[in-house]
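A quick write-up on the structure given underneath.
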Amino acid sequence: MSDQEVQQPADGYRAVPAQLDLPSMDHQILELWKRNDTFRRSWEATKDGKRWTFFEGPPTANGHPGTHHIEARVFKDV
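Rendered as structure tokens:
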């Protein structure tokens, strides 16, 4: 078993290792999405559904976004 693999506990939740290799996990998730054709299937599953729009709140009430707003959005997803 590699450092990233852990045993599945009886309660159904996976134990989280003390040290995570986040880039590796990201690649594993992307590969899973490719293997399962997740993105295309999500479009297919909702193609006849009600149309919706995702709105993200403004970075400030009365100003234009600055580079620090973009930076915060990048790092929250890393």
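Going letter by letter, the sequence shown gives residues 798 to 875 in the working numbering.
All C-beta atoms, glycine included, are put in the ideal place defined by N, C-alpha and C.
Looking at the unbroken alpha helix (DSSP H) that takes in Gln825, where does it start and where does it end? Translated into the one-based positions of the sequence shown, residue 825 becomes position 28. Counting along the chain, the alpha helix (DSSP H) containing Gln825 begins and ends at Leu819 to Asn833.
Near Phe836, which residues of its chain fall below 7 Å by C-beta distance, leaving aside the five closest residues on each side in sequence? Walking along the sequence shown from the start, residue 836 turns up at place 39. If we look at Phe836 and ignore the five residues flanking it on each side, its Cβ neighbours are Trp830.
Helix, strand or coil at Thr864 according to DSSP, with G and I counted as helix: Translated into positions along the sequence shown, residue 864 becomes position 67. In this structure, Thr864 counts as helix in the three-state DSSP scheme.
Under a three-way DSSP split, which group does Ala876 fall into? Residue coverage of the chain in this structure runs from 798 to 875, which leaves residue 876 outside it and unanswerable.
In the structure shown, what three-state DSSP assignment does Arg837 receive? As a position in the sequence shown, residue 837 is number 40, starting the count at 1. Residue state, collapsed to three classes: helix.
Could you check whether the Cβ of Ile867 sits closer than 8 Å to any heavy atom belonging to the ligand SAH? Judged by which ligands are present, the structure shown has none, so any question about the ligand SAH falls away.
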